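Structure record follows, encoded as structure tokens.
Protein chains: 4
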Amino acid sequence: MAIHSLTPTPDQYSYVFGGVDPLLSVKPGDLIEVSTEDCYGGRVHSPDERPSEVVPFSELNPVSGPIEVEGAEVGDVLAVHFVSIVPARAHAISSTFPHFGALTPTHETAMISGALEERVWFYDIDLESWTATFRARRSDYEVSLPLDPMHGTVGVAPASGESRLVVTPSTHGGNMDTPEARAGTTLYLPVNVPGAMLSLGDGHARQGEGEVCGTGLESAMNSVIAVDVVKGGALAWPRLENDDYIMSTGSIRPLEDAYRISQADLVSWASDLTGMDTLDAYQLVSQLGLAPAANVCDPNYTMVAKLPKWSLKSAEAYGGVHRRLRSAAEEYARR
Amino acid sequence: MAIHSLTPTPDQYSYVFGGVDPLLSVKPGDLIEVSTEDCYGGRVHSPDERPSEVVPFSELNPVSGPIEVEGAEVGDVLAVHFVSIVPARAHAISSTFPHFGALTPTHETAMISGALEERVWFYDIDLESWTATFRARRSDYEVSLPLDPMHGTVGVAPASGESRLVVTPSTHGGNMDTPEARAGTTLYLPVNVPGAMLSLGDGHARQGEGEVCGTGLESAMNSVIAVDVVKGGALAWPRLENDDYIMSTGSIRPLEDAYRISQADLVSWASDLTGMDTLDAYQLVSQLGLAPAANVCDPNYTMVAKLPKWSLKSAEAYGGVHRRLRSAAEEYARR
Amino acid sequence: MAIHSLTPTPDQYSYVFGGVDPLLSVKPGDLIEVSTEDCYGGRVHSPDERPSEVVPFSELNPVSGPIEVEGAEVGDVLAVHFVSIVPARAHAISSTFPHFGALTPTHETAMISGALEERVWFYDIDLESWTATFRARRSDYEVSLPLDPMHGTVGVAPASGESRLVVTPSTHGGNMDTPEARAGTTLYLPVNVPGAMLSLGDGHARQGEGEVCGTGLESAMNSVIAVDVVKGGALAWPRLENDDYIMSTGSIRPLEDAYRISQADLVSWASDLTGMDTLDAYQLVSQLGLAPAANVCDPNYTMVAKLPKWSLKSAEAYGGVHRRLRSAAEEYARR
Amino acid sequence: MAIHSLTPTPDQYSYVFGGVDPLLSVKPGDLIEVSTEDCYGGRVHSPDERPSEVVPFSELNPVSGPIEVEGAEVGDVLAVHFVSIVPARAHAISSTFPHFGALTPTHETAMISGALEERVWFYDIDLESWTATFRARRSDYEVSLPLDPMHGTVGVAPASGESRLVVTPSTHGGNMDTPEARAGTTLYLPVNVPGAMLSLGDGHARQGEGEVCGTGLESAMNSVIAVDVVKGGALAWPRLENDDYIMSTGSIRPLEDAYRISQADLVSWASDLTGMDTLDAYQLVSQLGLAPAANVCDPNYTMVAKLPKWSLKSAEAYGGVHRRLRSAAEEYARR
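Next up, the structure:
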């Protein structure tokens with residue numbers, strides 16, 4: 632088990648997927664200890680600062696990478712297993728933005744009415760109790776929330792020579808902002824260029840479904856990931872797997888089209904794994920599927936479609952790569 | 632504890648909310664044992680029949696009611712607690728329709744390409760093991776699913792003199808098709824006319840989130856509900872409460888607007904219950920909220936927004952009516 | 632040529648389509664001189680009043696009718712020809728509303744950010760020069776606009792026993808708010824109940840496409856219409872015809888679904904009229920069709936799809952009823 | 632008046648906006664005679680071929696360029712005037728695609744029902760009569776359509792280091808597919824990188840509004856454009872101007888958000904040109920504006936918002952650059 636380390640210097644962060652030279656090259660099966668910055672680039676130091684003033688728009692959401700995975704070829708599937716995701720600082724930060732989030736006019740849902748107040752919350756992170764403390768800004772309300780760390784942004788170089796801003800999730804992954812991208816989960820991404828060119832960032836100490844205000848508990852992270860390559864099996868959209876569920880995603884607007892993409896993909900995946908025809912698989916997904924929102928605030932919205940693995944009986948996705956990466960993660964933890 | 636019974640004769644079912652004379656009149660605090668027909672009006676007797684041929688469109692989704700709740704006045708909140716929901720027949724039925732469901736052209740998402748095959752599935756219902764058995768129609772795949780009975784359609788007479796088809800959920804409730812409407816849950820509906828005029832039907836032995844194919848495990852039900860009235864507190868959209876969550880809903884298209892309505896309503900509710908201002912409540916909901924799809928197939932789509940009650944500390948919604956109805960349900964069960 | 636007159640008293644206006652007793656009964660081929668009130672119910676008397684304060688929500692947009700058309704049976708098509716539409720007062724009124732219009736949060740696109748300022752504009756109407764004068768409220772800008780009078784709301788009783796608020800356009804017509812509903816145009820509506828039960832109102836002295844702020848030049852109108860019945864030919868959605876175009880409409884959200892409905896209907900109509908198959912008609916509509924927005928502010932949005940009649944050669948819609956009603960209109964004008 | 636010529640060789644076409652080296656460098660005020668290939672890359676030679684089989688997806692819609700405009704700096708506005716657009720071949724081609732167009736399931740509006748038949752139409756182009764002849768494929772219907780040539784795809788390098796596929800319109804322009812991009816019109820694009828890096832292609836001999844089937848009369852073109860640079864005045868979205876209208880665009884999903892963007896931008900532009908405040912400008916646009924669909928088939932949909940220039944009185948956009956380029960075009964024509 633080769634273990635790499637990636638700790639980018641400030642000037643090494645990148646802000647697009649695609650067209651960026653790799654910072655690190657690894658082999659399928661390797662583990663990487665990677666540190667990521669928060670979505671504000673670490674520039675917000677107090678709840679009295681305004682993120683929109685201290686962080687230029689084009690420098691929001693820095694990602695660590697790209698990581699080149701040797702042998703990954705166009706048409707393969709890149710498996711990224713989240714071994715651990717641990718907040719790196721004593722506080723996480725959340726904020727509203729004047730023109731970002733689901734409940735205010737934005738650049739995409741343009742209006743001429745006034746925008747939202749920009750307000751910042753600092754949460755104390757306590758790794759011991761595994762909690763973050765929320766404190767209201769205009770009253771005394773205070774409550775401790777369980778940590779549930781995840782990466783909002785994980786993706787590869789897009790197909791067809793595109794370079795996409797880190798904030799826009801699409802077929803290459805990116806800023807999907809799903810709480811499902813937590814430790815213990817494997818994310819499947821399409822390989823669109825040789826080496827795949829994986830980058831990740833935008834850690835959240837926790838996040839509600841939909842990320843309605845536009846930010847989670849934004850947190851620099853010390854994470855460990857394991858990567859592998861599944862030959863062939865070209866993916867249309869990112870998928871996830873944990874011990875209990877297979878999951879499909881779709882990232883587009885309007886939200887029903889994100890739902891459609893994720894559900895159609897899950898139907899197709901269930902059909903492949905069970906041998907049922909499309910309509911029978913559609914029926915099973917209709918009755919057993921879960922459909923949580925991931926984000927309803929980014930330039931593309933993301934829906935997740937989940938099917939419990941017990942309904943698939945003995946079928947295993949991608950030759951059991953999730954199970955093998957899970958074992959590697961346990962081995963890493965035992966060292 | 633007064634216990635009423637409502638078993639409509641075939642000609643007593645109704646197909647609109649609003650403008651219908653009540654079948655029963657009850658008092659706040661009463662329980663009603665009510666039987667409901669399946670969405671096919673009980674007319675599909677074999678998986679080889681085509682629902683679109685044996686059920687006229689205007690007779691889909693019959694509801695039992697209206698039930699007049701004495702003393703309910705315009706501007707009040709009607710609380711409907713689901714005491715128990717039990718499948719009434721040995722099988723539940725699901726089907727695709729040529730122009731219904733999220734993954735086929737419909738009358739609303741009109742296309743000129745071909746529609747989906749109409750296929751019917753019969754599930755064996757086993758109340759003993761509390762399961763329904765799924766059998767693929769074109770292969771041998773078979774799997775047992777846990778029952779999770781719910782009512783897809785529960786609503787009251789709309790405001791402003793409207794009468795709405797039972798299939799279209801809106802501010803008056805109706806065909807929201809959320810799996811959250813299960814036993815143990817209280818549904819809050821606005822009172823738009825004197826007596827509220829509650830109707831319900833469309834039982835599902837279980838249903839996935841989004842009801843992607845357009846139908847759940849459609850099942851006639853023997854249900855028990857308890858009703859109460861909260862004076863004042865005018866609701867904009869239906870809300871739900873169970874022992875763990877408060878929940879808001881929104882029913883409209885596109886799906887992001889259903890999400891927006893449900894989230895904005897939950898923010899407002901959380902603000903009312905905690906005394907926090909809107910932006911602080913927005914922040915809490917953003918980090919703790921769940922956002923599952925209810926239906927993405929009906930003429931209006933429904934999203935649900937959920938907040939765990941522990942985050943509200945000692946605050947109780949609507950003066951604890953859920954807790955009291957829960958007790959009444961337990962008393963009923965102990966008889 | 633029988634000529635009727637309908638001038639409702641204030642208490643005779645109605646606010647829903649469906650379930651209302653007729654004010655007048657006419658025969659196919661008859662003309663009706665009808666007066667309609669403005670969308671504010673005539674209650675706004677100065678630009679310094681706030682419509683939201685002087686008009687209760689449920690009394691916005693009064694319509695004149697229903698007019699029962701004898702012999703109209705379920706499944707027929709009602710043809711409504713606009714003979715003339717003339718502003719009845721010396722001024723027309725427009726306004727923003729805090730939660731209405733495309734560029735502010737609304738009850739449907741719910742947000743927690745602030746709503747728009749409510750502002751009122753009075754336009755001087757000059758029938759001589761056929762203009763309305765716009766005057767900015769916060770500067771000296773002033774410009775005369777040509778009148779182009781139309782009815783925003785024209786519809787019949789809905790199918791299946793529904794009653795719908797006048798503000799929501801759907802398959803029964805209603806508040807489509809298309810500038811195409813001007814004098815010289817024939818509107819085709821489905822007959823859903825015996826007698827059709829036609830109502831109209833919401834005159835605009837003119838209106839931009841999309842009615843982006845939520846109101847046109849709202850104006851009481853003295854209008855003349857001619858009605859006829861085409862036996863059979865059941866319509867799915869309202870259609871229009873003038874001397875140059877056939878036009879289909881769709882009213883739903885999101886706007887692309889309104890576009891899809893209107894385009895699919897126009898393809899079907901063009902196929903019927905030319906004998907081409909669906910794909911060939913699709914091709915013709917794709918290259919010649921116009922697609923203006925009607926409204927993007929009401930509870931359902933409306934798109935119009937237009938095809939020039941020269942491309943249909945000698946084919947005539949509905950047996951030439953538009954041509955015949957046009958002649959009757961000319962005869963009326965010559966009296 | 633410097634006149635350049637750009638006739639790319641087959642390997643010189645590009646398929647993304649951004650990150651491509653220029654083929655030509657010109658100065659503000661220069662004219663360019665440019666030839667463009669059709670969206671099929673010239674590979675469809677008969678109505679019996681299937682475009683999806685003879686053209687790889689990543690080679691659809693080649694563009695000619697980039698053209699570097701010297702002195703164009705980030706934050707400037709690039710003015711592109713269409714002097715003339717003339718079909719280069721004796722036929723134009725249109726087709727359906729199985730998963731493209733507004734009335735069939737697509738990769739974005741994913742469904743599991745069957746896709747559309749792929750059918751191809753060849754139109755005879757007659758420059759003398761300025762017509763294209765449509766012939767139905769499954770019947771004898773035939774009709775001549777007036778030519779109205781335009782470029783569907785015109786754009787510059789995107790901001791923030793993005794490279795975008797040519798098929799996706801956004802803030803940088805691209806595949807907006809509006810019939811307004813015809814000779815006599817000036818298109819304004821934001822300058823996001825030094826030199827702007829203008830590319831164009833996707834000529835249509837004509838196209839309906841919305842391009843509902845996904846293609847216009849696809850045609851290689853011999854075009855002449857004139858370019859100029861307006862210093863400062865940073866544009867959020869592409870705008871257009873002809874002798875009669877100023878026009879704003881928005882390209883996004885859902886279609887109402889494209890409408891919102893285009894209308895909000897037009898309100899802002901009208902406010903700038905007349906000195907009215909935002910709400911007064913909103914009122915004027917609401918009553919005078921036109922709102923045709925451009926495309927409802929590409930990965931982002933495009934709406935256009937138009938305001939007649941007479942309503943702006945003497946105000947001239949961008950210091951009269953349209954008028955000056957119009958004069959240069961006339962001078963070119965007189966040579």
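Chains as they are written, first to last, in my numbering: chain H, 632 to 966; chain S, 632 to 966; chain B, 632 to 966; chain W, 632 to 966.
Glycine residues also receive a C-beta, built at the ideal position from the N, C-alpha and C atoms.
Bear in mind that the values here come from a model prediction, so they are computed numbers and not experimental data.
Checklist entry - Name the chain W residues whose beta carbon is nearer than 7 Å to that of S:P885? => result As a working note, residue 885 of chain S is residue 254 in the second sequence. Result: P885.
Checklist entry - Helix, strand or coil: which one does DSSP assign to H:E704? => result Within the first sequence, numbered from 1, the residue matching residue 704 of chain H stands at position 73. DSSP places H:E704 in coil when its eight states are reduced to three.
Next on the checklist: Given this structure, state the Cα-to-Cα distance separating S:V665 from S:T638, to the nearest angstrom.
Outcome noted: In the second sequence, the residue the question calls residue 665 of chain S occupies position 34. In the second sequence, the residue the question calls residue 638 of chain S occupies position 7. Rounded to the nearest angstrom, the two C-alpha atoms are 6 Å apart.
Checklist entry - Quick one: does H:T740 have its CB under 8 Å from some CB of chain W? => result To locate residue 740 of chain H, count along the first sequence from 1; it is residue 109. So yes, H:T740 belongs to the interface.
Checklist entry - Measuring CB to CB, does B:P630 end up less than 8 Å from B:M828? => result This structure cannot speak to residue 630 of chain B, because chain B is shown only from 632 to 966.
Checklist entry - Leaving out the 5 sequence neighbours to the left and right, which residues in its chain are closer than 8 Å to S:G951 when beta-carbon positions are compared? => result For the purposes of this step, residue 951 of chain S is identified with residue 320 of the second sequence, where counting begins at 1. Counting only Cβ-Cβ distances below 8 Å, and skipping sequence neighbours, we find nothing.
Checklist entry - Between the segment 743 to 757 of chain S and chain W, which residues of the former have CB atoms less than 9 Å from a CB of the latter, in chain order? => result I743, S744, G745, A746, L747, E748
Item to check | Residues of its chain near W:S893, where Cβ-Cβ distance is below 7 Å and the 5 sequence neighbours each way are ignored | outcome: The residue given as residue 893 of chain W occupies position 262 in the fourth sequence. So the list reads S879, T880, G881, M934, V935, A936, once near-sequence residues are dropped.
Next on the checklist: On the CB-based measure, 16 or more other CB atoms within 10 Å of its CB, does H:V686 come out buried or exposed?
Outcome noted: In the first sequence, the residue the question calls residue 686 of chain H occupies position 55. Under this definition H:V686 is a buried residue.
Item to check | Residues from the segment 911 to 930 of chain H in contact with chain S, defined by Cβ distance under 8 Å | outcome: D911, Y913, Q914, L915, V916, S917, Q918, L919, G920, L921, A922, P923, A924, V927
Item to check | Within chain S, the residues that W:T735 reaches when beta carbons sit closer than 9 Å | outcome: As a first step, residue 735 of chain W is located in the fourth sequence; it is residue number 104 there, counting from the start. Those within 9 Å of W:T735 in chain S are P736, M742, I743, S744.
Checklist entry - What did DSSP end up calling H:P718 once you bin it into helix, strand or coil? => result Counted from its first residue, the first sequence places residue 718 of chain H at position 87. Strand.
Checklist entry - Would a C-beta distance cut-off of 8 Å place W:R768 and B:D929 closer than the cut-off? => result Locating residue 768 of chain W in the fourth sequence gives position 137, counting from the first residue. Locating residue 929 of chain B in the third sequence gives position 298, counting from the first residue. In this structure, B:D929 does not lie closer than 8 Å to W:R768 by Cβ.
Next on the checklist: At the 8 Å Cβ level, is H:L637 part of the contact set with chain S, yes or no?
Outcome noted: What you label residue 637 of chain H is simply residue 6 of the first sequence in a count that begins at 1. No, H:L637 lies away from the interface with chain S (no Cβ there is under 8 Å from its Cβ).
Item to check | Residues within the segment 884 to 903 of chain B neighbouring chain S, beta-carbon criterion of under 7 Å | outcome: R884, P885, D888, R891, I892, A895, V898
Item to check | Alpha-carbon spacing of H:V967 relative to H:G804, whole angstroms | outcome: Outside the shown range of chain H, which is 632 to 966, sits residue 967 of chain H, and nothing can be said about it.
Item to check | Proximal residues to H:S744 (C-beta, below 7 Å), its chain only, five neighbours per side dropped | outcome: The residue you call residue 744 of chain H lines up with position 113 of the first sequence. Hits under 7 Å: P736.
Next on the checklist: Please tell me whether W:A901 and W:L915 are closer than 8 Å, where the distance is taken between their beta carbons.
Outcome noted: Looking up residue 901 of chain W in the fourth sequence gives position 270. Looking up residue 915 of chain W in the fourth sequence gives position 284. Yes, they are a contact pair.
Next on the checklist: Three Cβ pairs or more, each shorter than 8 Å: is that satisfied between the segment 740 to 756 of chain B and the segment 666 to 686 of chain B?
Outcome noted: yes
Checklist entry - Near S:P825, which residues of its chain fall below 8 Å by C-beta distance, leaving aside the five closest residues on each side in sequence? => result Position 194 of the second sequence, counted from the first residue, corresponds to residue 825 of chain S. Within the same chain, S:P825 has close Cβ partners A703, E704, V705.
Item to check | Cα-Cα separation, W:I716 to W:S636 | outcome: Position 85 of the fourth sequence, counted from the start, is the residue given in the question as residue 716 of chain W. Position 5 of the fourth sequence, counted from the start, is the residue given in the question as residue 636 of chain W. So the two alpha carbons sit approximately 14 Å from each other.
Next on the checklist: Taking 8 Å as the cut-off, does the segment 681 to 701 of chain S touch the segment 809 to 821 of chain S (at least 3 CB pairs, one atom from each stretch)?
Outcome noted: no
Checklist entry - How about H:L866 and H:Y819: are their beta carbons less than 8 Å apart? => result As a first step, residue 866 of chain H must be located in the first sequence, where it is residue number 235. As a first step, residue 819 of chain H must be located in the first sequence, where it is residue number 188. Their beta carbons are under 8 Å apart, which means H:L866 touches H:Y819 by this criterion.
Next on the checklist: As an exercise, report each continuous beta strand (DSSP E) stretch of at least 3 residues that is fully enclosed by the segment 756 to 810 of chain W, in chain order.
Outcome noted: 762 to 766, 773 to 777, 781 to 786
Item to check | Test: B:M852 CB closer than 8 Å to a CB of chain W | outcome: Reading the third sequence from its first residue, position 221 is the one you call residue 852 of chain B. Cβ-Cβ to chain W under 8 Å: no for B:M852.
Item to check | Where the alpha helix (DSSP H) through H:A865 begins and ends | outcome: Here residue 865 of chain H refers to the residue found at position 234 when the first sequence is read from its first residue. First-last for H:A865: undefined, no H or E at that position.
Checklist entry - Expressed to the nearest angstrom, what Euclidean distance is found between the alpha-carbon atoms of H:L662 and H:P697? => result Within the first sequence, the letter at position 31 stands for residue 662 of chain H. Within the first sequence, the letter at position 66 stands for residue 697 of chain H. Rounded to the nearest angstrom, the two C-alpha atoms are 15 Å apart.
Next on the checklist: Please report whether the beta-carbon of B:S683 lies at a distance below 8 Å from any beta-carbon of chain S.
Outcome noted: For the purposes of this step, residue 683 of chain B is taken as the residue at position 52 of the third sequence. No, B:S683 lies away from the interface with chain S (no Cβ there is under 8 Å from its Cβ).
Checklist entry - Going by alpha carbons, who is nearest to B:V927 out of B:S725, B:G845, B:A959? => result Here residue 927 of chain B is taken as the residue at index 296 of the third sequence, counted from 1. When only C-alpha atoms are compared, the closest one is B:G845.
Item to check | Rounded C-alpha distance that separates W:E699 from S:T799 | outcome: Locating residue 699 of chain W in the fourth sequence gives position 68, where the first residue counts as 1. Locating residue 799 of chain S in the second sequence gives position 168, where the first residue counts as 1. Taking the straight line joining both Cα atoms gives about 55 Å.
Checklist entry - If you draw a straight line from the alpha carbon of W:A895 to that of H:A719, how long is it in whole angstroms? => result Taking the first residue of the fourth sequence as position 1, residue 895 of chain W is located at position 264. Taking the first residue of the first sequence as position 1, residue 719 of chain H is located at position 88. Whole-angstrom Cα-Cα distance: 42 Å.
Checklist entry - Mind checking if S:M632 is an interface residue toward chain H, Cβ cutoff 8 Å exclusive? => result Taking the second sequence and counting its residues from 1, one reaches residue 632 of chain S at position 1. Taking Cβ atoms only, chain H never reaches closer than 8 Å to S:M632, which makes this a no.
Item to check | Exposure label - B:S830; buried when at least 16 CB within 10 Å | outcome: Counted from its first residue, the third sequence places residue 830 of chain B at position 199. Buried: at least 16 other Cβ atoms inside 10 Å.
Item to check | Distance, S:S791 Cα to B:L690 Cα | outcome: Translated into positions along the third sequence, residue 690 of chain B becomes position 59. Translated into positions along the second sequence, residue 791 of chain S becomes position 160. Residue identity check: residue 690 of chain B is Glu in the sequence provided, not Leu. Answer to the nearest angstrom: the Cα atoms are 9 Å apart.
Checklist entry - Since H:D808 meets chain S, which of its residues come closer than 9 Å, beta carbon to beta carbon? => result Along the first sequence, read from residue 1 onward, the residue named residue 808 of chain H stands at position 177. Going along chain S, no residue has its Cβ under 9 Å from H:D808, so there is no contact; the nearest lies around 11 Å.
Next on the checklist: Can you pull the chain B neighbours of W:L848, defined as C-beta to C-beta under 8 Å?
Outcome noted: Numbered from its first residue, the fourth sequence carries residue 848 of chain W at position 217. By Cβ distance, chain B contributes Q918.
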